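Visitor:
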Amino acid sequence: MEAVAPPVIGELVNDFSLQVASVNGSGSQSSNLVVLRTMFQMGIPVSGKNLFPSNIAGLPTWYTIRASRRHYIGRKQDADFLVALNPETAQEDVAGLIPGAAVVYDQPLQLEKQRTDLIFYPVPFDKLVTGIAADAKLRKLVRTMIYVGVLAHLLQMDIAEVETAVRRQFRRKPKAADLNWAAVRAGLDYARQNLVKRDRCRLERMHETAGQIIIDGNTAAALGCMFAGVTVAAWYPITPSSSLCESLIDLLRKHRIDPATGKATFAVIQAEDELAAVGMVLGAGWMGARAMTSTSGPGISLMAEFAGLGYYAEIPAVIFDIQRVGPSTGLPTRTAQGDIGCIAQLSHGDTRHLMLFPGSVAECYEHAIAAFDLAEQLQTPVFVLSDLDLGMNNWISPAFQYPARPLQRGKVLTADDLNRLGEFARYRDVDGDGIPWRTLPGTAHRNAAYFTRGSGHNDRAQYSERPHDYAGNMDRLRRKFETARALVPPAVRERAGAGRVGVIAFGSSHYPVLEALDQLQEEAGIAAGYLRLRAFPFGPEVAAFVGAHEVIFVVEQNRDGQMLDVLKTDLAPEMAPRLQPVRCYDGLPIAARAISREIEAHLALLAPGMLARNAAKQT
Amino acid sequence: MATLVNPKHNRIGLEPADYKGGRTTLCAGCGHNAISERIIDACYESGIDPQRVIKLSGIGCSSKSPAYFLNRAFGFNAVHGRMPSIATGALAANAGMLGIGVSGDGDTVSIGIGQFIHSMRRNLPMVYIIEDNGVYGLTKGQFSATADLGSTLKTGVSNDLPPLDTCALAILAGATFVARSFSGDKRQLLAILKAALAHRGTAMLDVISPCVTFNDHEGSTKSYKYVKEHEEALQEVDFIPAAGDIQVEYEPGTAVEVTLHDGSRLLLRKLGHDFDPASKTAALDVLTRAHANGEVLTGVFYVDAAKPDFNSLLNLVDEPLATLPEDRVRPPQSVLAGIMQELS
C-alpha cells in the first residue's frame, strides 16, 4: 500500500459511503455494479453491500458503495451520499442522513423541502430517459443508469473508466451496452449543465487495486471447492447460500467435464431438503468422495442428527453455513454470526465439530480447500462458517493463489495395505493421534468391509453396549479433536498492540475491526492487539493471546456472545474473566464505529485510568 | 428356477459361506430373518460379488438386518428414515457398487416417506426392501403407517387410520420395479429378489414380514394367520438368469401351493395371464381392488426397464468419482489464472 496523503480539510477524497435506495427488481443492480467497477478501475479500494428484502420484486433495497483510501472495506455506519430512487422510502432515507450529506433524487419527489442541512441535487429521471429509448419497457430498464452519469460528474469519475465498466457489465449484450451508455451520457450531460458541485465527496485516481479482483464470498468458496477436487455436491436452495452451489455448478460444468468422454468428474444433486442433502454428502464421504453441501441456519438445524452421525461414525464431509439472522426463519436476507454455539456441538450427546471462519473472500476460497483436506485427514464433518455479508456482497481481494499442497486424502488402507497388515480394525487408534484408518467400499479384499453405524461400537465397528467400548471410543474422539488443533488454520495476530487491551474477532468482522482499531488508536490512544480466529478447535496461540492481555474484547455478530462462550469452554477457567463481549446483532454488516464506541465505553467503566493515561499521552 | 452348476460354488467361484452375515439378534421366528436368508440365497445364486455390494438401512428392527447377511459387504446403518439419502450419495460416489437397502414400514412410511418418495422419483439404482410388519417392533409395538384400518394392538387399541400402500406410492413416484411378497413365501421372494438385483433402477420390494412378538395375534392384519388367509399372488414369479441378461417370466396358472417357513401350506389363487406389469394404471388398479377386498396381493406389479436410472442422468465418468486422481479433479493453474483475469 502506498503512503496516503492527508485529505484537504472537509473534503472526502476516496473516503465516503454512497447509498443507492431503489426497489428490488428495478435493474438498479447493474448501475450499482458500474459505479463499483469504475472506482475499482480507478485504483480505489471499494466495497459494495446489498441490503435487500426477502422478496423477488417491488420492495425497498439499498446498495451501499464505499470508497476507502485506507482500505476500510467494511460497512460505514453513516452514508455521505444518497441516491434516492425509491419514492416509498425516500423521506425516511433523507431523514436518516448525517448533516452535510448529499442527495441525488428524482425531481418530482421534492425532497429538498424536507431538510435544510443537506445538499440536494434534483434530477428529472423520467424526462431524461424519454430521449434514450422509445420502448417503455427498455426505458424502465435503463432509467437507473442515469444516476451513474450524474455521479460521474459530481464525484469526478474518470469517464473512460465509466464507459469501460458499462461495456464490461453488458459484455454479452452489445445493444444493451449502447443503450445503458446512452443513459449514463444523458445523466452526465444533465449534471454538467444543471448541477453545481457543493458536497464534499470526490474520487481521485489511486493505484491500490492492481492485481486485485472483485468477487463475492460464495463464488470464492465455490472456486475453492472446485480446486479442492470436490466430486459430490448435494444441496437444497436457501438464502443466502444458494449462490455458492449455483456458482459451483457453473464452474464444474465449465472446467470439470472430461474432454475425452464428455462425462462429468462430479455429481451435483439438488436434494429434497437439507436432511437429504447432508445425508447424500455423508454417503458420498463414506464411499471416499470429496463431498460438500451449503446451507444456512435453518438447514443447519435440520442437519443436526446427521451431523452427530458424521461425528460418531467418523465420516468426512464439508458443510458451508452462510449464516443469516435467526432464530427460526429470522431475517433471511440479513447477516449474522449466530450459528457458532449451535454448530460447535451440533447434535445430541457429546459432540464437537470443527469450524473454520473465513475472514475474507480469499479465505472463503482457501478455507474451502482446507476444509476438504481436514475432513479427510480427521474423518469428520467440517463446517465452514461464512455469512451473508461475506458470501453475497462484493469484495476486493488480492488474486487467489493456486493450492501449493496436493490433496490430503487422510488415512485410507488399500487392498495391498490390508495384505501387508493382516488385520484391520476400523476404529482402532493405531497411531495414538485418535485418528483411525479406514477402508473405502469397493476395496477388493475380504477383510476390507466394516459396518458403519451411529449406534455404539467397538474398535472393530461391531455393535457394542459395553461400557469400556463406549467410553474408550468417546475418549479417542476427544483425542482426535486435540489432534485437530495443530491441523486447522491457526489464529492470526493481525495487530501486535502495545498494551493490555486485546481484541478477538473472526469472519466478516475482520475489516471493520481493523478500522475500529485505527479509530481507537487515533481517537483514544489505545493500541489494542488483535487476534483473528480462523478455526475451532483453537490452537495454543489463542490461550497465549488471552494470557498476554488484561482485557480482551470478543467482537461478534450475535446477541449472546457465542464465540465468547466457546472460548470460555476451551480456555483455563481463570482466563474467562478477561473476556468482554462486543456484540452487534441488528442484521446489518458490522460497522467499525459500533465496535470502537463499545470498546471505549467498556474501557471507561473497566479501566478509566488507562483511558485517562492514554488521553494524557495524546495531548 | 435358476439351476446351479455346482452346488458348492456359484458362477464366480464363491461358496455359500462367503455370503453369510452375523448371527441375528432379532426374535426367533421374525419374518425379517427369513428375508435375510433369501437375500443371501439370491446374491449367492446370482453370483454377486459381496465386496461390490453396499448394504444400507435406517433405524428399527428391520434396519438391524443388514448385519445378518453378506459380512463381506460394506454396511451402513444410517439415521431413522434417511437411508435413501446415504444411498444416493454413496452410489453417486461409486456408481459401480450394488446397493441393497433394507428398511421397515416405520422407517420408510412414516419418518422416511420424503426420502423414500424422492429416491423412487430419481429411480436410484438400488434394491429397496421394506420389511413390512405394520408395527414398531423396537419400541415395543406401536402402529405404523402401513397398519390396516381396524387392526388392533396387543393392548386392544384399534387403528383408526387407513394404511399407505408402499407399492402404489412407489409406482406413482417413479420406481421402475415394484413388487410385494411375503417373508414366508420362499420361492416367490427369492425369484423377485433375483430379478430385483438384476434390475437397473429402483427395485422396490415391500415384503410382508409378520412381527412374532407384537403383531402376530388375532386382530392384526399383518399376522401370519391373517396373511395366510388373505394373501393373493398376482402371478407366479419365476426368474431365469441368462448370460448377462435376466428376465422375469410370468407363468399364468390355476393354483399353486406355497410352503411357508413354519411348515404350513398356502393355496394361492393367481390372476390370469392378462396382467401387464408394464402398465402403471393396471398395477394401481389391482392394488386398489385388493385393498377393497381385504386381500394382500403379491407379485411384481410394475417393471420399466427402459427408463434411465439416476446415475445415468448424472452423466458420470466410468471410474468411481470417489477415487479419481488429483489431476482429474483439480483443474490446472491456467484455469485459476483465467478466472482471476476475468475477475480483475
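Read top to bottom, the protein sequences are chains D and Z. Quick note: the first sequence uses numbering that gives the first Met the number 0, first residue 0, plus one each step. Quick note: the second sequence uses numbering that gives the first Met the number 0, first residue 0, plus one each step. C-beta atoms are modelled at their ideal positions from N, C-alpha and C, and glycine is treated no differently. All values derive from a computational prediction rather than experimental measurement.
So is Z/M203 in contact with chain D if we call contact Cβ pairs under 8 Å?
Guide: No - not a single Cβ of chain D is within 8 Å of the one on Z/M203.
Visitor: Using the Cα positions of Z/S311 and D/G441, report the straight-line distance between them to the nearest angstrom.
Guide: Distance between the alpha carbons of Z/S311 and D/G441 is about 20 Å.
Visitor: Please go through the same chain and pick out, in chain order, the residues whose beta-carbon is closer than 8 Å to the beta-carbon of D/Q168, but skip the five residues on each side of it.
Guide: Once the five neighbours on either side are set aside, the close Cβ partners of D/Q168 are S29, L32, V33, R36, A176 and N179.
Visitor: Closer than 9 Å by beta-carbon distance: list the chain Z residues that pair up with D/K174, in chain order.
Guide: Within chain Z, no residue comes near D/K174; the closest Cβ sits about 22 Å away, beyond 9 Å.
Visitor: So, is D/N619 buried or exposed, given that buried needs 16 or more other C-beta atoms within 10 angstroms?
Guide: Residue numbering for chain D in the displayed model covers 0 to 618; residue 619 of chain D lies beyond these limits and cannot be assessed.
Visitor: In the DSSP assignment, the beta strand (DSSP E) including D/V429 goes from what residue to what residue?
Guide: Here D/V429 belongs to no beta strand (DSSP E), and DSSP marks it neither H nor E.
Visitor: Considering only the beta carbon of each residue, do D/D198 and D/I118 sit closer than 8 Å?
Guide: Yes, the pair counts as a contact, with Cβ atoms nearer than the cut-off.
Visitor: Using a Cβ-Cβ distance under 8 Å, would D/H347 count as near chain Z?
Guide: Not an interface residue.
Visitor: Do the segment 334–349 of chain D and the segment 259–271 of chain D touch if we need at least three Cβ pairs shorter than 8 Å?
Guide: The segment 334–349 of chain D vs the segment 259–271 of chain D: no contact.
Visitor: Are the beta-carbon atoms belonging to D/L281 and D/I314 less than 8 Å from one another?
Guide: Yes.
Visitor: Give the straight-line distance between the Cα atoms of Z/Y67 and D/F552, rounded to the nearest whole angstrom.
Guide: Between Z/Y67 and D/F552, the C-alpha separation is close to 57 Å.
Visitor: Given D/G287, which residues of its chain have a CB within under 6 Å of its CB, disregarding the five upstream and five downstream residues?
Guide: Contacts found: L439.
Visitor: Near Z/I245, which residues of its chain fall below 6 Å by C-beta distance, leaving aside the five closest residues on each side in sequence?
Guide: Because Z/I245 carries a pLDDT of 30, less than 50, the predicted location of this residue cannot be relied on, and the following value inherits that uncertainty. Contacts found: A197.
Visitor: In chain Z, which residues lie with their C-beta within 9 Å of the C-beta of D/R427?
Guide: Near D/R427 there are no residues of chain Z at all, since even the closest Cβ is about 18 Å away, more than 9 Å.
Visitor: Does at least one heavy atom of the ligand COA sit under 7 Å from the Cβ of D/G210?
Guide: With respect to the ligand COA, the structure shown offers nothing to examine, as it has no ligands at all.
Visitor: Assuming D/P121 contacts D/E111 (C-beta within less than 8 Å), just tell me the rounded distance between them.
Guide: With 8 Å as the limit, D/P121 and D/E111 qualify as a contact, their Cβ atoms being about 7 Å apart.
Visitor: Please determine if the segment 164–177 of chain Z and the segment 83–99 of chain Z are in contact, where contact requires at least 3 C-beta pairs separated by less than 8 Å.
Guide: Taking 8 Å as the limit for Cβ pairs, the verdict is that the segment 83–99 of chain Z does not touch the segment 164–177 of chain Z.
Visitor: At the 8 Å Cβ level, is Z/V101 part of the contact set with chain D, yes or no?
Guide: Not closer than 8 Å to any Cβ of chain D, the Cβ of Z/V101 fails to qualify, so no.
Visitor: Rounded C-beta distance between D/F226 and D/P402? I'm assuming under 8 Å.
Guide: D/F226 to D/P402, Cβ: 6 Å. Contact.
Visitor: Please report the distance separating the alpha-carbon of D/D637 from that of D/L486.
Guide: As shown, chain D starts at 0 and ends at 618. That puts residue 637 of chain D outside it, with no answer to give.
Visitor: In whole angstroms, what separates the C-alpha of D/D320 from that of Z/C42?
Guide: Their backbone Cα atoms lie some 42 Å apart in a straight line.
Visitor: Roughly how many whole angstroms lie between the Cα atoms of D/D428 and D/N457?
Guide: Answer to the nearest angstrom: the Cα atoms are 12 Å apart.
Visitor: Within 10 angstroms of the Cβ of Z/S157, are there 16 or more other Cβ atoms? Answer buried if so, exposed if not.
Guide: Z/S157 is exposed by the Cβ-count criterion.
Visitor: State whether the segment 56–64 of chain Z contacts the segment 6–19 of chain Z, with contact taken as three or more CB pairs (one from each stretch) at a distance under 8 Å.
Guide: Verdict: no, contact absent.
Visitor: Comparing alpha-carbon positions, which option in D/K253, D/A335, D/T292 and D/G409 lies nearest Z/V334?
Guide: Of the candidates D/K253, D/A335, D/T292 and D/G409, the one whose C-alpha sits nearest the C-alpha of Z/V334 is D/K253.
Visitor: Any C-beta of chain D sitting closer than 8 Å to the C-beta of Z/T322?
Guide: True, the Cβ-Cβ gap to chain D drops below 8 Å.
Visitor: Candidates Z/G337, Z/C166, Z/L168 and Z/T151: which alpha carbon is nearest Z/L160's?
Guide: Checking every option, the nearest Cα to that of Z/L160 belongs to Z/T151.
Visitor: Are the segment 509–516 of chain D and the segment 591–604 of chain D touching, with three or more C-beta to C-beta distances below 8 Å?
Guide: The segment 509–516 of chain D, when compared against the segment 591–604 of chain D, does touch it at the 8 Å Cβ threshold.
Visitor: With 16 as the cutoff for other CB atoms within 10 Å, does D/D92 come out buried or exposed?
Guide: The residue is buried, with at least 16 neighbouring Cβ atoms inside 10 Å.
Visitor: Need the endpoints of the beta strand (DSSP E) that Z/G74 sits in, please.
Guide: Here the beta strand (DSSP E) through Z/G74 covers F73 to N76.
Visitor: Say whether chain D places a C-beta atom closer than 8 Å to the C-beta of Z/G243.
Guide: Caution is warranted here: a pLDDT of 34 is assigned to Z/G243, below 50, making its placement in the model unreliable, and no coordinate value can be reported.
Visitor: If I follow the unbroken alpha helix (DSSP H) through D/M225, where does it start and stop?
Guide: Element bounds for D/M225: G216 to F226.
Visitor: Of all the options D/A135, D/A490 and D/T163, which has the alpha carbon lying nearest to the alpha carbon of D/P539?
Guide: Ranking D/A135, D/A490 and D/T163 by Cα distance to D/P539 puts D/A490 first.
Visitor: What does Z/M339 touch in chain D if you count any residue whose Cβ is under 8 Å from its own?
Guide: Those are I212, A398 and F399, listed as they occur along chain D.
Visitor: Whole alpha helix (DSSP H) runs in the segment 143–186 of chain D with 4 or more residues, listed along the chain?
Guide: Listed in chain order, the complete alpha helix (DSSP H) runs (minimum 4 residues) inside the segment 143–186 of chain D are 144–153 and 158–168.
Visitor: Can you pull the DSSP bridge partners for D/L50?
Guide: D/W61.
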